[in-house]
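S.K.: Take a look at the following structure, please.
Protein chains: 4
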Amino acid sequence: MRKLPAKLASQLYGAAELIAERGLDGTKIEDIAEATGIPKATIYYHLDGKNAVLEFLLSDLLDMIAGAVGVAVSSDADARTRLEAAVAAQLEVMLEHPYLCRALVGDLGRATRLPDLALALRAAFYEPIEQLLTDGVADGSLREVADPSVVALSVFGAITVAGLSAAVEGPSPDKTADAARFSSAICGLILDGLATADDNMVVADAPPRP
Amino acid sequence: MRKLPAKLASQLYGAAELIAERGLDGTKIEDIAEATGIPKATIYYHLDGKNAVLEFLLSDLLDMIAGAVGVAVSSDADARTRLEAAVAAQLEVMLEHPYLCRALVGDLGRATRLPDLALALRAAFYEPIEQLLTDGVADGSLREVADPSVVALSVFGAITVAGLSAAVEGPSPDKTADAARFSSAICGLILDGLATADDNMVVADAPPRP
Amino acid sequence: MRKLPAKLASQLYGAAELIAERGLDGTKIEDIAEATGIPKATIYYHLDGKNAVLEFLLSDLLDMIAGAVGVAVSSDADARTRLEAAVAAQLEVMLEHPYLCRALVGDLGRATRLPDLALALRAAFYEPIEQLLTDGVADGSLREVADPSVVALSVFGAITVAGLSAAVEGPSPDKTADAARFSSAICGLILDGLATADDNMVVADAPPRP
Amino acid sequence: MRKLPAKLASQLYGAAELIAERGLDGTKIEDIAEATGIPKATIYYHLDGKNAVLEFLLSDLLDMIAGAVGVAVSSDADARTRLEAAVAAQLEVMLEHPYLCRALVGDLGRATRLPDLALALRAAFYEPIEQLLTDGVADGSLREVADPSVVALSVFGAITVAGLSAAVEGPSPDKTADAARFSSAICGLILDGLATADDNMVVADAPPRP
DNA sequence: CATGAATGAGCATTCATTCAT
DNA sequence: CATGAATGAATGCTCATTCAT
């Protein structure tokens, strides 16, 4: 699996919609060849089979997300602010690449079976959040929770499922606005929760209220 | 797709792990036949093809979830309490059936392409939450949000991804305890949020505070 | 590789000429399917791939030869007489199945790479001769030689190459007569040699004549 | 097919073992490239395809054999003596080049389908013997046989199969000694036969003795 | 009803060969 | 001259599905 020439790489994106629509197994290499204009044998010359096509496309998406989130996370604001930025960043990239996202969800099983992708997946989606949760406790901007890893997972789920859903809806005219709207809704949820404000907090492991 | 004789139905569950592990496309009917002990042709006699196997398995899971959540939701407590119950109920069923859950995620793409399943998916996971959000606003137990459908999606994501993750981890010795722990963490997140208590609320679309 | 139903087995012989003509690598499974009337997938249902087709055909030939030679060899005549009978028997079978013989030669390399065939090859062609050589020394009908295994090899070569050559020439109208003619010529060679009768014997390891 | 630069020619021999082991069809040009160190495209620059590689290697072997046998045959000794010399010469070359020999046998089918090779094959192996048989009858050193061409074929078979077998056994430490041993055994066989000396001669077509 | 046997349709992958540099 | 890159053409094999019993 040599490094792809830039031209081929860009052509290959033409396959994303196909794969998003039908799943990788439902997509013949021949279809990919047609959709991208790259001859079948040339795809095989550069990539190690069908999985590698998906791997290439998703790696790229995951890199973009990891990159954007990485930037968002590395400001010197407090963790809560950075979490908000990270949510926005991730949603922006996701909405920017709806086909890749759909391909990712549609072939999530396969993606997790590809070791490289599984790692990239964790690194892009889960780890920054986990880190932020820790940071937030340290700088006092986020409260401590009883089960940080489950919470990180849930936050990851909250963001990702919303983003995915937006991606599945099909292209939207104003992605930035969408991203902002989603981002705002999600941050409202994960930062302030849904309980009515005057209520007593429900804290995990909290003693039963009298 | 006649109703399956009970014996076959139960044997068929033996295929869940296989499908969870390899995805439906990576699983030959022949493999399913071997794993379940049901002869290939007999599977075809009772079910309309490979997809129908997945459909059967997942319908069942979805029904179980919908059922459990349905029960949880129909108590006469306030919406917030019912939401907590729903979360717990969903997680319990998911943890009780880790292979089915993994099969579901792994073939999410296909699942959403099968109309019946897509519907059942919505009905089991999304709709009860959406309803609860509305109810909560009405009975004052949950606060109003600017974008209820996005929030419902996120809540759904928070619960589901956490549950899925638990399912992927492999069977746990004490599923009920796990479910409780997860449930508690998730409710803490979606009801109270992560922001430190003394902070001003970040409310979506709220006017800047002076 | 289940046991072939008799009908298929017989149809399969229709592929012998093809393979003889073009070699196995030059013969597509599809060609074999056409030539035999057996659908491609059915061939695969019964046999483990292309090699197995050759293996089946040649095993059969080898069995026939081993059988005929076995019968010839098990009379209670002296070894020399039995050798003559064995030569005749081998040639008869070879001439009776020219295509199989040509297939065998044409794909000799592959045949020797298929362990089962390599064994059958030895058993059909080489071992009976080796045995006869030993027997002949014991019963006094054949002379002792310095290097029995090389001689056995050579005798095997003398018979086989002649027979093969006849097979390659294409079908002859009177195979039995051919076999007799070849048999007679070969026996004359291997029993009496080519040296003129009045000459001193050239015996291996014999001291140089003065 | 230009004349190969000497260096390439010699590198090309590195492919003989490969081809001997797997057959030509089982050997990718790429494998040959790797084994010889000659880049794939360079092979194509100098030779007309895969067959030409085999043709080159085998032509060479055949030329060597034809040459050595030619020398052996052109002494002015009697035919019988020259036959002995020819046998020794042929075996020497064969044992000197075991891989080429195995490649030859393994792809005998293909070799006979390449017209140039088929001719060279005859010229190297068969014709000198045939000639010697005729010469021997003329000079009285070999007896007349009823079916000279069959006998020539058998003699060719006796020599070649023994030689091949030696080649297949793998490299031997002392090839010259091997050749001498084989040669002696084979000459004993084809000149004096295996019948015990005191026996009546079995002469093809000889009238029954009273 | 259940199923062993049979097969049509499909497709990923391979590889010999070409060609621009 | 030599060769890395590219590809057209080919094919072995798989597997979901059917059907006769």
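Chains as they are written, first to last, in numbering that gives the first Met the number 0: chain Z, 0 to 209; chain L, 0 to 209; chain S, 0 to 209; chain U, 0 to 209.
Backbone N, C-alpha and C define an ideal beta-carbon position, used for all residues, glycine too.
What separation, rounded to the nearest whole angstrom, lies between the Cα atoms of Gly-25 of chain L and Ala-161 of chain S?
M.R.: The alpha-carbon atoms of Gly-25 of chain L and Ala-161 of chain S are separated by roughly 54 Å.
S.K.: Does the distance from the CB of Ala-123 of chain U to the CB of Leu-23 of chain U come in under 8 Å?
M.R.: Not a contact, by the Cβ cut-off of 8 Å.
S.K.: Taking one C-beta from the region 1 to 18 of chain S and one from the region 12 to 19 of chain L each time, how about it: are there three or more such pairs within less than 8 Å?
M.R.: Verdict: no, contact absent.
S.K.: Report the neighbours of Gly-22 of chain U on chain S: residues whose CB is nearer than 7 Å to its CB, in chain order.
M.R.: Chain S residues near Gly-22 of chain U: Gly-108 and Arg-109.
S.K.: Using a cut-off of 9 Å between C-beta atoms, extract the partners of Gly-36 of chain Z located in chain L.
M.R.: In chain order: nothing, as chain L lies at least about 25 Å away.
S.K.: Taking only beta-carbon atoms, is Ile-64 of chain S less than 8 Å away from chain U?
M.R.: So, not an interface residue.
S.K.: Using CA atoms only, rank isn't needed, just tell me which of Z:Ala-34, Z:Leu-56, Z:Ile-28 and Z:Glu-29 is closest to Leu-3 of chain Z.
M.R.: Of the listed residues, the one whose Cα sits closest to Leu-3 of chain Z is Z:Leu-56.
S.K.: Suppose you measure from the CA of Val-217 of chain U to the CA of Arg-109 of chain U; what does that come to, to the nearest Å?
M.R.: Outside the displayed range of chain U (0 to 209) lies residue 217 of chain U, so it cannot be described from this structure.
S.K.: At a Cβ threshold of 8 Å, is Leu-17 of chain Z touching chain L?
M.R.: Cβ-Cβ to chain L under 8 Å: no for Leu-17 of chain Z.
S.K.: Can you pull the chain L residues whose beta carbon is under 9 Å from the beta carbon of Asp-173 of chain Z, in chain order?
M.R.: Ordered by position in chain L, no residue passes the 9 Å Cβ test against Asp-173 of chain Z, which lies about 15 Å from the chain.
S.K.: Is Thr-80 of chain L close to chain Z, meaning its C-beta is less than 8 Å from at least one C-beta of that chain?
M.R.: Not an interface residue.
S.K.: Buried or exposed for Tyr-98 of chain Z, going by 16 or more other Cβ atoms inside 10 Å?
M.R.: So Tyr-98 of chain Z counts as buried.
S.K.: Looking at the C-beta of Pro-207 of chain Z, does it have a partner C-beta in chain L at a distance below 8 Å?
M.R.: Per-residue confidence for Pro-207 of chain Z stands at a pLDDT of 46, beneath the threshold of 50, marking its modelled position as unreliable; no derived number is given.
S.K.: Closer than 8 Å by beta-carbon distance: list the chain Z residues that pair up with Leu-152 of chain L, in chain order.
M.R.: Result: Val-160, Ala-161 and Ser-164.
S.K.: With burial defined as no fewer than 16 other Cβ atoms inside 10 Å of the residue's Cβ, what is the status of Tyr-125 of chain L: buried or exposed?
M.R.: Buried, by the Cβ-count rule.
S.K.: Can you have a look at Glu-29 of chain S and say buried or exposed, based on whether 16 or more other CB atoms are within 10 angstroms of its CB?
M.R.: Glu-29 of chain S is exposed by the Cβ-count criterion.
S.K.: Is the Cβ-Cβ distance between Leu-132 of chain S and Arg-79 of chain S less than 8 Å?
M.R.: Not a contact, by the Cβ cut-off of 8 Å.
S.K.: By alpha-carbon positions, which one of L:Ala-71, L:Tyr-12 and L:Leu-103 ends up nearest to Gln-130 of chain L?
M.R.: Of the listed residues, the one whose Cα sits closest to Gln-130 of chain L is L:Ala-71.
S.K.: In chain S, which residues lie less than 7 Å from Leu-120 of chain U when you measure between Cβ atoms?
M.R.: The premise fails here: Leu-120 of chain U is roughly 12 Å from chain S at the closest Cβ pair, so nothing lies under 7 Å.
S.K.: Give a yes or no on whether 8 Å exceeds the smallest Cβ distance from Phe-55 of chain L to chain Z.
M.R.: Chain Z contact via Cβ: absent.
S.K.: With DSSP as the reference, please indicate the residues paired to Leu-190 of chain Z in a beta bridge.
M.R.: In the DSSP output, where bridge partners are listed per residue, Leu-190 of chain Z has none listed.
S.K.: Just to confirm, are Ala-119 of chain U and Thr-111 of chain U a CB contact at a threshold of 8 Å?
M.R.: Cβ distance not < 8 Å, so Ala-119 of chain U and Thr-111 of chain U don't count as in contact.
S.K.: Mind checking if Val-144 of chain Z is an interface residue toward chain L, Cβ cutoff 8 Å exclusive?
M.R.: Closer than 8 Å to some Cβ of chain L, the Cβ of Val-144 of chain Z qualifies, so yes.
S.K.: From Gly-13 of chain U to Ala-32 of chain U, what distance separates their C-alpha atoms?
M.R.: Distance between the alpha carbons of Gly-13 of chain U and Ala-32 of chain U is about 10 Å.
S.K.: Alpha carbon to alpha carbon, what distance is there between Leu-107 of chain Z and Lys-210 of chain Z?
M.R.: With chain Z covering 0 to 209 only, the question about residue 210 of chain Z has no answer from this structure.
S.K.: Rounded to a whole number of angstroms, what is the C-alpha to C-alpha distance between Ile-128 of chain L and Ala-65 of chain Z?
M.R.: The straight-line gap from Cα to Cα measures roughly 30 Å.
S.K.: With DSSP collapsed to three states, give me the class of Leu-23 of chain S.
M.R.: If DSSP states are grouped into helix, strand and coil, Leu-23 of chain S belongs with coil.
S.K.: Output, in chain order, the set of chain L residues within a Cβ distance shorter than 9 Å of Gly-69 of chain Z.
M.R.: Near Gly-69 of chain Z there are no residues of chain L at all, since even the closest Cβ is about 21 Å away, more than 9 Å.
S.K.: Within 8 Å of any Cβ in chain U, is that where the Cβ of Leu-187 of chain S sits?
M.R.: Here residue 187 of chain S is Gly; the residue named in the question, Leu, does not match the sequence. By this cut-off, Gly-187 of chain S is an interface position.
S.K.: Do Val-92 of chain Z and Ala-67 of chain Z have their beta-carbon atoms positioned less than 8 Å apart in this structure?
M.R.: For Ala-67 of chain Z and Val-92 of chain Z, yes; Cβs fall inside 8 Å.
S.K.: Taking the alpha helix (DSSP H) that Gly-108 of chain S belongs to, which residues open and close that run?
M.R.: It spans 107 to 112 - the alpha helix (DSSP H) in which Gly-108 of chain S sits, taken as one unbroken run.
S.K.: In the DSSP assignment, find the unbroken alpha helix (DSSP H) run with Lys-2 of chain Z in it and report its ends.
M.R.: Run containing Lys-2 of chain Z: none; DSSP gives neither H nor E here.
S.K.: Look up Leu-141 of chain L in the DSSP assignment and give the residues it is bridged to.
M.R.: Paired residues: Z:Ala-194.
S.K.: With burial defined as no fewer than 16 other Cβ atoms inside 10 Å of the residue's Cβ, what is the status of Ser-73 of chain U: buried or exposed?
M.R.: Under this definition Ser-73 of chain U is an exposed residue.
S.K.: Quick one: which residues of the region 120 to 142 of chain L get their C-beta closer than 8 Å to a C-beta of chain Z? List them in chain order.
M.R.: Cβ contacts with chain Z: Leu-132, Gly-135, Gly-139, Ser-140, Leu-141 and Arg-142.
S.K.: Which residue's Cα is closest to the Cα of Leu-190 of chain L: L:Leu-113, L:Glu-95, L:Ala-84 and L:His-45?
M.R.: Closest option to Leu-190 of chain L, Cα to Cα, is L:Ala-84.
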